[in-house]
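As they're listed, the protein sequences go chains A and B. With my numbering applied, the first sequence covers 1 to 66. With my numbering applied, the second sequence covers 67 to 333. C-beta: ideal position from N, C-alpha, C; glycine also. Please read these numbers as outputs of a predicted model, since none were measured by experiment.
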Amino acid sequence: MTIQVNGEPLEVAGPLTISALLADLKVDSRLVAVEHNLTIVKRAAYETAVINEGDEVEIVRFVGGG
Amino acid sequence: MPADTFTIADRTFTSRLIVGTGKYPSHQVMAEAHRASGTEMVTVAVRRVDLRDRGAESMRAFIDESRIVLLPNTAGCYTADDAIRTARLGRELGLSNWVKLEVIGDERTLFPDNIALLEATRVLVREGFVVLPYTNDDPVICKKLEEAGAAAVMPLGAPIGSGLGIQNPNNMAIIREQARVPVIVDAGVGTASDAAIAMELGADGVLMNTAIALAGDPVAMATAMKLAVEAGRLAYRAGRIARRQYASASSPAAGTIPSLAGASKGA
Numbered sequence: 001m002t003i004q005v006n007g008e009p010l011e012v013a014g015p016l017t018i019s020a021l022l023a024d025l026k027v028d029s030r031l032v033a034v035e036h037n038l039t040i041v042k043r044a045a046y047e048t049a050v051i052n053e054g055d056e057v058e059i060v061r062f063v064g065g066g
Numbered sequence: 067m068p069a070d071t072f073t074i075a076d077r078t079f080t081s082r083l084i085v086g087t088g089k090y091p092s093h094q095v096m097a098e099a100h101r102a103s104g105t106e107m108v109t110v111a112v113r114r115v116d117l118r119d120r121g122a123e124s125m126r127a128f129i130d131e132s133r134i135v136l137l138p139n140t141a142g143c144y145t146a147d148d149a150i151r152t153a154r155l156g157r158e159l160g161l162s163n164w165v166k167l168e169v170i171g172d173e174r175t176l177f178p179d180n181i182a183l184l185e186a187t188r189v190l191v192r193e194g195f196v197v198l199p200y201t202n203d204d205p206v207i208c209k210k211l212e213e214a215g216a217a218a219v220m221p222l223g224a225p226i227g228s229g230l231g232i233q234n235p236n237n238m239a240i241i242r243e244q245a246r247v248p249v250i251v252d253a254g255v256g257t258a259s260d261a262a263i264a265m266e267l268g269a270d271g272v273l274m275n276t277a278i279a280l281a282g283d284p285v286a287m288a289t290a291m292k293l294a295v296e297a298g299r300l301a302y303r304a305g306r307i308a309r310r311q312y313a314s315a316s317s318p319a320a321g322t323i324p325s326l327a328g329a330s331k332g333a
């Protein structure tokens, strides 16, 4: 299925959890925050929140800034 | 003089210098500059993870979070909604409800959109955030932000990254005089004297990024800024003399050796 991650289409074997997506993308879940269809997903829900076809996911982190 | 800490919401700081994490030549230099500055709070931005370059070193590993608190910003947001969304993501990332709230109104000056800023402040305060809004050096908007529940106000000294120094010292003094929350001069500092002036005007703290990060030697400049903030603060507490148009001799007139030419006038 196709989902949108950080504004770009991504093919994944889906439906999958946030945890699975982060693992697929090799992203350290401790260093990011995740928004799923414009709602923030709490860390505790990464194992249970399921991403479906067409869903939009934002994965953000801290970078240098003023 | 008694110890001189300052408190925003529930946190008390010894250092009055808040530093950024952007634009440094390297993460290592940033870490050294942070140490040299003595800062206890640094700003960070919230951005998308680059999925094509996940090997990028994590900046966060170079921040000593045992000594330094992270202050997420909403830089790059041009609407209240975007700033609110970014603030919520920052809270999730940092596990803290503090935010340096920026709603930018103009790309060239990076001046704030104060109307949207006020709106976003109200929403985030309602959500339990400790809101530190970056705003114009305008006493009226600072007052309104305070009334909206801002934990501090952060008027700009000059445009972000401009290094022009405090452009409107009189407004800054008025803001300080009327604010009942801490005043942090945010943006515009170019060199140490600018930071000292901000503190002499009564600011509770100064926030800067570019002035340190892009200095020829960021670590040395961080030390200079630390000293300037301390010097300016101490001068403010000490109470400066009044300005006067004419001289006032420092040496006594009494006992002056009479001039061979007659009357004596001394310095």
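Inter-residue Cα distance where the pair is residue i and residue j
{"i": "B/P235", "j": "B/R154", "result": "34 angstroms"}
{"i": "A/E47", "j": "A/V34", "result": "13 angstroms"}
{"i": "B/E193", "j": "B/P199", "result": "15 angstroms"}
{"i": "B/T289", "j": "B/S103", "result": "5 angstroms"}
{"i": "B/G229", "j": "B/T257", "result": "7 angstroms"}
{"i": "B/V110", "j": "B/G271", "result": "18 angstroms"}
{"i": "B/E106", "j": "B/M291", "result": "14 angstroms"}
{"i": "B/R188", "j": "B/P221", "result": "18 angstroms"}
{"i": "B/A320", "j": "B/S314", "result": "14 angstroms"}
{"i": "B/L136", "j": "B/L300", "result": "26 angstroms"}
{"i": "A/E8", "j": "B/R118", "result": "11 angstroms"}
{"i": "B/M42", "j": "B/A127", "result": "Absent from the model: residue 42 of chain B. The displayed extent of chain B is 67 to 333, so no value can be given."}
{"i": "A/D28", "j": "B/A216", "result": "33 angstroms"}
{"i": "B/E243", "j": "A/G66", "result": "26 angstroms"}
{"i": "A/V12", "j": "B/K209", "result": "51 angstroms"}
{"i": "A/T17", "j": "A/L25", "result": "12 angstroms"}
{"i": "B/D76", "j": "A/P15", "result": "43 angstroms"}
Spatially closest choice to residue i from the options, by CA coordinates
{"i": "B/V191", "options": "B/G86, B/Y200, B/I207, B/V165", "result": "B/V165"}
{"i": "B/Y90", "options": "B/L83, B/I84, B/R82, B/A99", "result": "B/A99"}
{"i": "B/R82", "options": "B/S325, B/A269, B/N237", "result": "B/A269"}
{"i": "B/A297", "options": "B/D283, B/S317, B/M265, B/I150", "result": "B/M265"}
{"i": "B/V115", "options": "A/D24, A/E58, A/G65", "result": "A/E58"}
{"i": "B/E131", "options": "B/D204, B/V285, B/S162, B/N180", "result": "B/S162"}
{"i": "B/R133", "options": "B/D147, B/R101, B/G142", "result": "B/R101"}
{"i": "B/A239", "options": "B/T175, B/D204, B/S92, B/G227", "result": "B/D204"}
{"i": "A/N37", "options": "A/G14, A/D28, A/A45, A/G54", "result": "A/G54"}
{"i": "B/L176", "options": "B/G223, B/R306, B/R246, B/L293", "result": "B/G223"}
{"i": "B/D172", "options": "B/L159, B/T201, B/T78, B/V196", "result": "B/T201"}
{"i": "B/A218", "options": "B/Q94, B/T87, B/L167, B/A262", "result": "B/L167"}
{"i": "A/A44", "options": "A/R30, A/L10, A/N6", "result": "A/R30"}
{"i": "B/R306", "options": "B/I263, B/H93, B/L273", "result": "B/I263"}
{"i": "B/S92", "options": "B/G215, B/R303, B/P284, B/V85", "result": "B/P284"}
{"i": "B/A245", "options": "B/G88, B/A294, B/A281, B/V206", "result": "B/V206"}
{"i": "B/G156", "options": "B/L183, B/V112, B/R174, B/V197", "result": "B/V112"}
{"i": "B/M287", "options": "B/V85, B/D70, B/T80, B/T71", "result": "B/V85"}
{"i": "B/D147", "options": "B/A186, B/P178, B/M125, B/R174", "result": "B/A186"}
{"i": "B/D260", "options": "B/T80, B/L273, B/P248, B/I232", "result": "B/I232"}
Terminal residues of the alpha helix (DSSP H) in which residue i lies
{"i": "B/E158", "result": "146–160"}
{"i": "B/D260", "result": "258–266"}
{"i": "B/G298", "result": "284–304"}
{"i": "B/M96", "result": "93–103"}
{"i": "B/L136", "result": "It is not in any alpha helix (DSSP H) - B/L136 instead sits in the beta strand (DSSP E) that spans 135–138."}
{"i": "B/M238", "result": "235–244"}
Enclosing beta strand (DSSP E) for residue i [first to last residue]
{"i": "A/I3", "result": "2–5"}
{"i": "B/D252", "result": "250–252"}
{"i": "A/E56", "result": "56–64"}
{"i": "A/A33", "result": "33–36"}
{"i": "B/T73", "result": "72–74"}
{"i": "B/A186", "result": "Where B/A186 is concerned, there is no enclosing beta strand (DSSP E), although the alpha helix (DSSP H) it sits in stretches over 180–192."}
{"i": "B/L167", "result": "164–167"}
Buried versus exposed call for residue i [16 or more other C-beta atoms within 10 Å across all chains shown]
{"i": "B/T73", "result": "exposed"}
{"i": "B/N180", "result": "buried"}
{"i": "B/L326", "result": "exposed"}
{"i": "B/I323", "result": "exposed"}
{"i": "B/E123", "result": "exposed"}
{"i": "B/E158", "result": "buried"}
{"i": "B/T140", "result": "buried"}
{"i": "B/P318", "result": "exposed"}
{"i": "B/G282", "result": "exposed"}
CB contact below 8 angstroms: residue i versus chain D
{"i": "A/E58", "result": "Note that chain D does not occur in the displayed structure, where the protein chains are A and B."}
task = Could you tell me whether the stretch 299–317 of chain B touches the stretch 274–284 of chain B, using the rule of 3 or more Cβ pairs below 8 angstroms?
result = No: the two stretches stay apart, fewer than three of their Cβ pairs being nearer than 8 angstroms.
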